[in-house]
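Protein sequence lines correspond, in order, to chains A and B.
With numbering that gives the first Met the number 0, the residue at position 201 of the first sequence is 200, and numbering never jumps.
With numbering that gives the first Met the number 0, the residue at position 216 of the second sequence is 215, and numbering never jumps.
Note that beta-carbon positions come from the ideal geometry of N, C-alpha and C, so glycine has one too.
The structure appears below as structure tokens.
Protein chains: 2
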Amino acid sequence: MNAEIIAVGSELLLGQITNTNAKFLSQQLAEIGINVYYHTVVGDNKERLIHAIREAESRADLLIFTGGLGPTKDDLTKETISTHIGRPLVYDQAALESIENYFAKTRITMTPNNRKQALVMEKSVVLPNDYGMAPGMLVKKNKHAYILLPGPPREMQPMFTSYARPELLNILEKVEKIESRVLRFFGIGESTLETELEDLLIAQQNPTLAPLAGDGEVTLRITAKHESEAAALQMIQQAEEEVLRRVGEYFYGYNDTTLARELAVHLKKHNSSIAAAESLTGGLFQSELTDVPGASSFFSGGIVCYSNEAKKELVKVKEETLARYGAVSAECAAELAENVRRLLGAEFGISFTGAAGPEPLEGHPPGTVWIGLSRKGKETETFKLSLSGSRAGVRKRAVKYGCHYLLAELSQKT
Amino acid sequence: MNAEIIAVGSELLLGQITNTNAKFLSQQLAEIGINVYYHTVVGDNKERLIHAIREAESRADLLIFTGGLGPTKDDLTKETISTHIGRPLVYDQAALESIENYFAKTRITMTPNNRKQALVMEKSVVLPNDYGMAPGMLVKKNKHAYILLPGPPREMQPMFTSYARPELLNILEKVEKIESRVLRFFGIGESTLETELEDLLIAQQNPTLAPLAGDGEVTLRITAKHESEAAALQMIQQAEEEVLRRVGEYFYGYNDTTLARELAVHLKKHNSSIAAAESLTGGLFQSELTDVPGASSFFSGGIVCYSNEAKKELVKVKEETLARYGAVSAECAAELAENVRRLLGAEFGISFTGAAGPEPLEGHPPGTVWIGLSRKGKETETFKLSLSGSRAGVRKRAVKYGCHYLLAELSQKT
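Structure follows, in structure tokens:
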């Protein structure tokens with residue numbers, strides 16, 4: 000079976016948004032052994048959409064559409080396909096109720112055009128939308144299957160994995176399984192990783208190894224094909240062991256995890272606890288940590304001490320420390336980490352102070368970062384970083400380094 | 000003139016990377032008045048690439064290719080187009096020298112396949128690569144123009160803006176300027192906005208109005224075409240005035256701004272100051288506010304009070320309040336906002352408390368949010384929200400609502 004992914008939306012052709020849906024769906028389809036030979040993007044225009052559908056029908060068995068299911072006039076995916084394949088639209092009672100409930104709950108008045116979202120093609124499998132109003136659908140006609148998904152990724156992604164993917168697995172007659180696993184690394188550059196794995200990267204056929212750098216991290220996707228899922232997984236396992244034998248010290252987790260998420264897992268596992276005092280990062284570390292469900296088991300709270308007054312009054316940094324060393328200093332980072340740990344009665348205290356940019360701070364160039372790490376019963380450590388990039392980039396990478404140091408410290412307990 | 004953007008690379012069809020090049024080029028082309036009706040992605044496969052080229056030639060004047068110009072065997076864009084349009088490849092001396100210099104400089108041994116990158120089509124305009132080795136090219140044949148660009152964005156983007164764009168402006172017989180402006184709205188749904196603007200949306204031709212929903216916000220892109228830039232801007236201005244006359248109360252800013260950024264601008268303008276106590280949002284509000292350069296002029300710090308102990312000890316919420324009303328309550332939100340405002344000596348205090356999910360909290364379903372808003376000399380207000388979506392989505396939208404309420408309050412000062 001091979002598929003074509005068709006994104007519908009003039010905003011894509013105007014460069015207003017990026018087609019991230021095609022990437023997500025391609026990954027998902029590869030995992031279940033469906034080949035993707037083309038992506039197409041077409042605007043909110045009926046004639047051009049029909050042209051794209053005909054073209055895709057000539058070369059693919061499965062057509063997956065994203066976008067154009069909403070309530071407004073330029074949302075025309077469903078109507079166009081309905082006409083094209085001759086399947087009239089009918090109201091889906093469950094979808095209609097779910098839309099009415101949504102408006103009742105949010106207390107927004109429901110305008111009539113919202114009912115349009117509950118229209119589905121006759122004899123289609125309705126795909127519920129758990130994060131929005133417009134349902135998706137899967138419909139088969141002659142030799143083709145058509146899947147219609149909403150445009151917003153936070154609606155489309157769960158709809159695909161929860162509802163469309165199981166339907167597809169039912170349709171597939173024979174599956175050559177494509178399994179893949181992403182290994183995530185922090186603290187190593189892409190070119191160093193490539194050098195360490197050079198012979199493996201040159202010799203690769205099945206499994207394949209694909210390194211990718213981004214956001215200060217490097218990932219390695221290992222992909223194996225085999226008729227047997229177990230055999231494919233075994234091939235991945237072997238490749239992974241060889242990779243980790245060489246660069247395992249930089250490895251921190253699999254697939255879509257993040258450093259903050261791994262830190263949360265390890266803090267829970269160790270029945271540990273943490274508090275934070277953030278100047279440079281302004282709450283970003285604590286925000287990422289509490290994005291993990293169940294964070295309350297290891298995190299009680301912390302301080303955002305942006306000004307020197309806040310550092311003194313809320314975290315009791317000594318006046319003398321600030322006067323003598325400044326806020327961008329090992330001494331200030333150490334006091335912040337230690338004091339916030341005591342203040343919240345936690346096992347760990349971490350602090351972030353520095354110059355995020357674009358202007359220098361206290362004579363330190365943008366990207367100068369001090370991280371303090373205090374652990375009950377141990378001497379407080381400090382780490383200095385010189386990061387490049389934008390203000391937002393410096394802050395994000397500082398948080399990643401903080402998680403990285405904490406993970407290293409936690410691993411010493413086991 | 001209309002264009003089609005064709006990205007070549009199997010890594011795109013496997014979902015390993017996102018086609019950000021199409022977004023960049025679409026924006027660039029819109030700016031110089033070239034319509035884009037389709038994006039296509041095709042793999043490193045000669046037959047399928049030829050199929051995509053033929054299809055694009057049937058519907059576009061200008062074909063822009065990204066990717067497939069590198070040294071390896073699967074880089075076949077140049078070779079395929081050369082055969083297809085019958086323009087043989089010849090060595091470009093300048094490109095060859097630049098490649099040899101690159102290897103000499105990095106002291107890496109130059110493998111023979113790298114010479115391949117210096118091949119260009121006869122009678123083409125060579126586009127230098129200032130950030131990599133493979134040059135691009137522009138070639139005209141019959142009624143079509145073909146532009147070949149490298150795949151990596153950091154090579155492609157400067158090549159397009161420095162070399163391809165000026166060539167395109169030369170080719171264009173008459174330049175019709177396309178200007179556009181995005182208006183951002185919060186607190187109004189896409190369907191309500193459309194209902195308010197229905198007659199404008201139906202009548203639209205030039206300028207066009209395109210509403211788009213995402214992340215709890217709605218944007219409206221106004222796009223006008225005219226030979227004179229000033230006239231196009233004037234058309235946008237008129238459309239904007241009519242739009243704002245109807246839904247101006249929900250408007251908060253232009254183009255790529257955010258609610259947090261607008262809040263920062265207004266806090267600065269009013270010489271005001273703010274402090275925050277965050278439970279539900281765990282530091283996200285403060286993190287977004289301090290992502291704006293110069294935040295120290297209106298923000299000194301705040302508290303992340305995730306546990307009830309932290310609410311009591313760090314923000315002095317009364318034991319009785321928590322016992323009687325719980326943490327997810329108007330009473331708790333009000334005390335948090337008022338107390339943190341006093342603690343930091345700020346004009347405004349804001350608080351976020353609630354159930355982010357996935358589990359209910361104190362019997363309240365996920366998405367239940369209380370926001371407290373305290374202003375010096377005024378009675379503290381509280382707002383209740385019932386949000387749907389993921390944990391991360393609830394937290395993000397709660398922060399947006401907080402900014403929205405503060406912006407409304409600040410606008411009352413003027």
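Contact under 8 Å by Cβ, leucine 48 of chain A with valine 7 of chain A: The count along the first sequence starts at 1 and reaches residue 48 of chain A at position 49. The count along the first sequence starts at 1 and reaches residue 7 of chain A at position 8. Contact: yes.
Leaving out five residues on either side along the sequence, give the residues of the same chain with a beta carbon under 7 Å from the beta carbon of valine 327 of chain A. Position 328 of the first sequence, counting from 1, holds the residue named residue 327 of chain A. These residues qualify, in order along the chain: Thr352, Gly353, Ala354, Leu360, Glu361, His363, Thr367 and Trp369.
From what residue to what residue does the beta strand (DSSP E) around asparagine 34 of chain A run? Position 35 of the first sequence, counting from 1, holds the residue named residue 34 of chain A. Element bounds for asparagine 34 of chain A: 34–41.
Mind checking threonine 65 of chain B: buried by the 16 CB within 10 Å criterion, or exposed? For the purposes of this step, residue 65 of chain B is taken as residue 66 along the second sequence, with counting starting at 1. So threonine 65 of chain B ends up on the buried side.
When B/Glu346, B/Leu343, B/Thr218 and B/Cys304 are compared against cysteine 331 of chain B, the one with the closest alpha-carbon: Along the second sequence, read from residue 1 onward, the residue named residue 331 of chain B stands at position 332. Minimum Cα distance to cysteine 331 of chain B is reached at B/Cys304.
Counting only Cβ-Cβ distances shorter than 8 Å, please list the residues of the region 386–399 of chain A near chain B, keeping chain order. Arg390, Ala391 and Arg394
Is the shortest distance between the beta-carbon of leucine 283 of chain B and the beta-carbons of chain A less than 8 Å? Walking along the second sequence from the start, residue 283 of chain B turns up at place 284. Yes, leucine 283 of chain B counts as interfacial toward chain A.
Taking 7 Å as the limit between beta carbons, can you name the residues of its chain near methionine 136 of chain A, skipping five residues before and five after? As a position in the first sequence, residue 136 of chain A is number 137, starting the count at 1. Only Val119, Met120, Ser123, Val124, Val125, Leu126 and Leu147 meet the Cβ criterion.
Between isoleucine 302 of chain A and chain B, is the shortest Cβ-Cβ distance under 8 Å, so that the two count as touching? Stepping through the first sequence from its first residue, residue 302 of chain A is reached at position 303. Yes, isoleucine 302 of chain A counts as interfacial toward chain B.
Quick one, which residues of the region 344–372 of chain A are near chain B if we go by CB-CB under 9 Å, in chain order? Gly344, Ala355, Gly356, Pro357 and Glu358
Counting contacts by CB-CB distance shorter than 8 Å, is phenylalanine 23 of chain A in contact with chain B? Residue mapping note: residue 23 of chain A aligns to position 24 of the first sequence, counting from 1. It does: the Cβ of phenylalanine 23 of chain A has a partner Cβ on chain B nearer than 8 Å.
What did DSSP end up calling valine 217 of chain A once you bin it into helix, strand or coil? Here residue 217 of chain A refers to the residue found at position 218 when the first sequence is read from its first residue. The answer is strand: DSSP assigns valine 217 of chain A an E or B state.
Can you give, in chain order, each stretch of the alpha helix (DSSP H) that sits fully within the region 11–77 of chain B and has at least 4 residues? 19–30 and 45–56
Validate contact between the region 251–260 of chain B and the region 223–234 of chain B using beta carbons, cut 8 Å, 3 pairs: no
Histidine 42 of chain A to tyrosine 145 of chain A span [Cα, whole Å]: For this step, residue 42 of chain A is matched to residue 43 along the first sequence. For this step, residue 145 of chain A is matched to residue 146 along the first sequence. Per the sequence shown, residue 42 of chain A should be read as glycine rather than histidine. Each residue's Cα considered, the two are about 18 Å apart.
Just checking my contact of alanine 238 of chain A with valine 339 of chain A at CB under 8 Å: how many whole Å lie between their CB atoms? Against the first sequence, residue 238 of chain A aligns to sequence position 239. Against the first sequence, residue 339 of chain A aligns to sequence position 340. About 43 Å; that fails the 8 Å criterion.
On the CB-based measure, 16 or more other CB atoms within 10 Å of its CB, does tyrosine 130 of chain B come out buried or exposed? Numbered from 1 along the second sequence, position 131 holds the residue referred to as residue 130 of chain B. Exposed is the call here.
Flag phenylalanine 64 of chain A as yes if its beta-carbon sits less than 8 Å from any beta-carbon of chain B, otherwise no. Counting from 1 along the first sequence, the entry for residue 64 of chain A is found at position 65. It does not; no Cβ of chain B falls within 8 Å.
Should alanine 55 of chain B and threonine 79 of chain B be called a contact, given that it needs their Cβ atoms to be closer than 8 Å? As a first step, residue 55 of chain B must be located in the second sequence, where it is residue number 56. As a first step, residue 79 of chain B must be located in the second sequence, where it is residue number 80. No; because the gap between Cβ atoms is not below 8 Å, this pair is not in contact.
For the region 198–231 of chain B, enumerate the residues whose C-beta is nearer than 9 Å to any C-beta of chain A, in chain order. Leu200, Ile201, Thr207, Ala209, Pro210, Leu211, Ala212, Gly213, Asp214, Thr218, Arg220 and Thr222
Can you pull the chain B residues whose beta carbon is under 8 Å from the beta carbon of proline 134 of chain A, in chain order? Residue numbering aside, residue 134 of chain A sits at position 135 when the first sequence is read from its first letter. Under the 8 Å cutoff, chain B gives no residues; its nearest Cβ is about 15 Å from proline 134 of chain A.
Run the CB neighbour count on proline 210 of chain B, radius 10 Å, all protein chains shown included, and call it buried at 16 or more, exposed below. Sequence index remark: in the second sequence, residue 210 of chain B carries index 211 (1-based). With 16 or more Cβ atoms within 10 Å of its Cβ, proline 210 of chain B is classed as buried.
Contact set for leucine 62 of chain A: own chain, Cβ-Cβ below 8 Å, skip 5 residues either direction: Within the first sequence, numbered from 1, the residue matching residue 62 of chain A stands at position 63. Answer for leucine 62 of chain A: Ala2, Glu3, Ile5, Ile52, Ala55, Glu56, His143, Ala144, Tyr145 and Ile146, listed in chain order.
Does chain A have any CB closer than 8 Å to the CB of threonine 320 of chain B? Working through the second sequence from its first residue, we reach residue 320 of chain B at position 321. It does not; no Cβ of chain A falls within 8 Å.
Can you find a C-beta in chain A that's less than 8 Å from the C-beta of threonine 413 of chain B? For this step, residue 413 of chain B is matched to residue 414 along the second sequence. With a pLDDT of 42 at threonine 413 of chain B, under the threshold of 50, the predicted position of this residue should be treated as unreliable, and no value is reported.
Give a yes or no on contact between the region 388–404 of chain A and the region 283–301 of chain A, applying the rule of three or more CB pairs nearer than 8 Å. yes
Using C-beta distances below 6 Å, list every residue in its chain close to valine 291 of chain A, excluding the 5 sequence neighbours before and after it, in chain order. Translated into the one-based positions of the first sequence, residue 291 of chain A becomes position 292. Taken in chain order, the residues that qualify are Arg260 and Ala263.
Look at leucine 68 of chain A and proline 149 of chain A and say whether their C-beta atoms are less than 8 Å apart. Against the first sequence, residue 68 of chain A aligns to sequence position 69. Against the first sequence, residue 149 of chain A aligns to sequence position 150. Contact: yes.
Distance check for isoleucine 349 of chain B and alanine 407 of chain B, CA to CA, integer angstroms please. For this step, residue 407 of chain B is matched to residue 408 along the second sequence. For this step, residue 349 of chain B is matched to residue 350 along the second sequence. So the two alpha carbons sit approximately 14 Å from each other.
Taking three-plus beta-carbon pairs below 8 Å as touching, is the region 9–24 of chain A in contact with the region 25–34 of chain B? yes
Endpoints, alpha helix (DSSP H) assigned at phenylalanine 102 of chain A: For the purposes of this step, residue 102 of chain A is identified with residue 103 of the first sequence, where counting begins at 1. Note, phenylalanine 102 of chain A: alpha helix (DSSP H), 92–105.
Whole-angstrom distance between serine 296 of chain B and alanine 163 of chain A, CA atom to CA atom: As a working mapping, residue 163 of chain A is identified with position 164 in the first sequence. As a working mapping, residue 296 of chain B is identified with position 297 in the second sequence. For alanine 163 of chain A and serine 296 of chain B, the distance between alpha carbons rounds to 50 Å.
Starting from leucine 313 of chain A, find everything on chain B with Cβ-Cβ shorter than 7 Å and list it in chain order. The sequence position of residue 313 of chain A within the first sequence is 314, counting from 1. Per Cβ cutoff of 7 Å: Gly300.
Determine which residues share a DSSP beta bridge with phenylalanine 298 of chain A and list them. Within the first sequence, numbered from 1, the residue matching residue 298 of chain A stands at position 299. Partner(s): A/Ile273.
For threonine 19 of chain A, collect the residues of the same chain with a Cβ closer than 7 Å to its Cβ; drop the 5 residues on either side in sequence, then sort them by chain order. Locating residue 19 of chain A in the first sequence gives position 20, counting from the first residue. Same-chain partners within the cutoff: Pro152.
Using the beta-carbon of each residue, which ones in chain A are nearer than 9 Å to threonine 194 of chain B? Counting from one through the second sequence, the residue named residue 194 of chain B turns up at place 195. Those within 9 Å of threonine 194 of chain B in chain A are Thr110, Pro111 and Asn112.
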